[in-house]
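Undergrad: Its first residue numbered 36, the sequence shown is counted upward by one per residue in the working numbering.
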Amino acid sequence: MLKRERLVAILRMVNTSGLVTTTKLMETLNVSDMTIRRDLDELNQSGKLIRIHGGAQSIKGSTLYELSHIEKREIHIDAKQEVAKLGAQFVKEEDTIFIGSGTTLELLAQYIQVNSLRVVTNSLPVFESIQTRDNNWELVLVGGNYRSRSGAFIGNLANAMLETLKYDKTFIGVNGIHNETIMNASAEEGKTQGIALNNAQQKFILADASKLNRDDFYHFYSLYDVDVLITDQSITNEEVKQYSQFTKLVK
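(1) Starting from Asp76 and walking both ways along the alpha helix (DSSP H), at which residues does that stretch end?
(2) Which residues in the same chain have their Cβ closer than 6 Å to the Cβ of Gln236, if we skip the five residues on either side of it in sequence?
(3) Can you tell me the Cβ-Cβ gap for Arg39 and Asp74, rounded? I've got them flagged as a contact below 8 Å.
(4) May I have the straight-line CA-CA distance separating Lys83 from Met61, to the nearest angstrom?
(5) Distance, Cα to Cα, Asp169 vs Leu192?
(6) Which residues does DSSP list as the beta-bridge partners of Asp130?
(7) Which stretch, first to last residue, makes up the beta strand (DSSP E) that contains Gly229?
(8) Taking the beta strand (DSSP E) that Val285 falls in, what are its first and last residues?
(9) Thinking C-beta only, is Ile212 closer than 8 Å to Leu121?
(10) Is Ser136 near Ala195, with beta carbons less than 8 Å apart?
(11) With Glu173 as the anchor, note down where its beta strand (DSSP E) starts and where it stops.
(12) From this set, Gln116, Thr131, Asp68 and Thr51, which residue's C-alpha is nearest Ser269's C-alpha?
(13) Is there contact between the region 161 to 175 and the region 226 to 241, where contact requires at least three CB pairs shorter than 8 Å?
(14) For the alpha helix (DSSP H) containing Asp113, name the first residue and the last one.
(15) Does the pairing of the region 77 to 93 with the region 45 to 59 give three or more beta-carbon distances under 8 Å?
(16) Report all residues from its chain with a CB closer than 6 Å to the CB of Ala244; omit the five preceding and five following residues, and keep chain order.
(17) Output the boundary residues of the alpha helix (DSSP H) element that contains Lys59.
(18) Under a three-way DSSP split, which group does Leu264 fall into?
(19) Among Lys201, Thr199, Leu200 and Val177, which residue has its Cα nearest to the Cα of Gly190?
(20) Drop a sphere of 10 angstroms on the beta-carbon of Ala119, count the other beta-carbons inside from all chains shown, and report buried for 16 or more, exposed for fewer.
(21) Distance, Cα to Cα, Ala220 vs Gln148?
(22) For Gln280, which three-state DSSP category applies?
(23) I need the boundaries of the beta strand (DSSP E) containing Lys204, first residue and last residue.
(24) Give me the Cα-Cα distance between Thr282 and Asp251, rounded to the nearest whole angstrom.
(25) Residue range of the alpha helix (DSSP H) that Phe252 falls in?
(26) So what does DSSP say about Lys83, is it helix, strand or coil?
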């Protein structure tokens, strides 16, 4: 494949998906990591896409395709770790917390440093990450219909169980936030996350700065009803001013 053809193919994939990982581009185009990185740098410099850690993002902000939780693990790694560490500081001894689905939430579980804790989650990856830890936490996995793209259990069974439970704190990840509107890619998953937020004394949204001013398919909650929005240091001063009017912002 000629370079020009490869650049066109990369742009087509990025604009169709919204976000594409370097690994996915390498596998699809059958070229080396170094070649893809050079191509992405060139397309970024020409303003045709946005170069991000681990891949590329469309300047059009497409919401037609959602990356899987495995693909998302390669995107914005440093920012997600920063957000997860900040979120973990809010967890106290003997709390009962809900942790939702998402790669930032998987990291959150790894950074929590308390001895006594009850964790409820509908995320299989979060459950598995906690299972491997040597601790005495009480761990509850909520069942339901399994959504493989996010690794979450959702639907009527999950919702019925979550509606009976109360939490000191709920931690939820998102696909996009635009002003007060909190969004993700799945209406069913959004409803499940909304129930978990409603039943918490304190509500936390964890979102690296790439999620700000980004739209997605389903509006499931409002920042006005959230206690804390946790993001990373790459947030701009304008965005700090914009989002601080809706809720407490921590970075």
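The beta carbon of each residue, even a glycine, is placed where N, CA and C say it ideally should be. Values in this document were obtained by computation on a predicted structure and should not be read as measured data.
TA: To lay it out plainly:
(1) Residues Asp68 to Gln80.
(2) Correct list, in chain order: Asp203.
(3) Actually they are not in contact, since the Cβ atoms of Arg39 and Asp74 sit about 11 Å apart, beyond 8 Å.
(4) Going from the Cα of Lys83 to the Cα of Met61 covers about 19 Å.
(5) So the two alpha carbons sit approximately 30 Å from each other.
(6) By DSSP's assignment, Asp130 forms a beta bridge with Leu152.
(7) Careful: Gly229 lies outside any beta strand (DSSP E), inside the alpha helix (DSSP H) at Ala222 to Asn233.
(8) It spans Lys283 to Val285 - the beta strand (DSSP E) in which Val285 sits, taken as one unbroken run.
(9) At least 8 Å separates the beta-carbon of Leu121 from that of Ile212.
(10) Pairing Ser136 with Ala195 gives a Cβ-Cβ distance that is not under 8 Å.
(11) Membership of Glu173 in the beta strand (DSSP E) is indicated by the continuous run Glu173 to Leu176.
(12) Among Gln116, Thr131, Asp68 and Thr51, the Cα nearest to that of Ser269 is on Gln116.
(13) The region 161 to 175 makes no contact with the region 226 to 241; the number of CB pairs closer than 8 Å stays below 3.
(14) Unbroken alpha helix (DSSP H) run through Asp113: Ile112 to Ala123.
(15) A contact exists between the region 77 to 93 and the region 45 to 59.
(16) Result list for Ala244: Thr266, Asp267, Ser269 and Ile270, in chain order.
(17) Per DSSP, the unbroken alpha helix (DSSP H) holding Lys59 starts and ends at Thr57 to Leu64.
(18) Reduced to three states, the DSSP call for Leu264 is strand.
(19) Measuring C-alpha to C-alpha distances from Gly190 to each of Lys201, Thr199, Leu200 and Val177 identifies Val177 as the nearest.
(20) Buried, because 16 or more other Cβ atoms sit within 10 Å of the Cβ of Ala119.
(21) Between Ala220 and Gln148, the C-alpha separation is close to 31 Å.
(22) When secondary structure is reduced to three states using DSSP, Gln280 falls in the coil class, being assigned neither helix nor strand.
(23) First-last of the beta strand (DSSP E) with Lys204: Tyr202 to Gly208.
(24) Taking the Cα positions, Thr282 is about 20 Å away from Asp251.
(25) Taken as a continuous stretch (DSSP letters only), Phe252 belongs to no alpha helix (DSSP H), as it is neither H nor E.
(26) In the structure shown, Lys83 sits in coil (DSSP, three-state: anything other than H, G, I, E or B).
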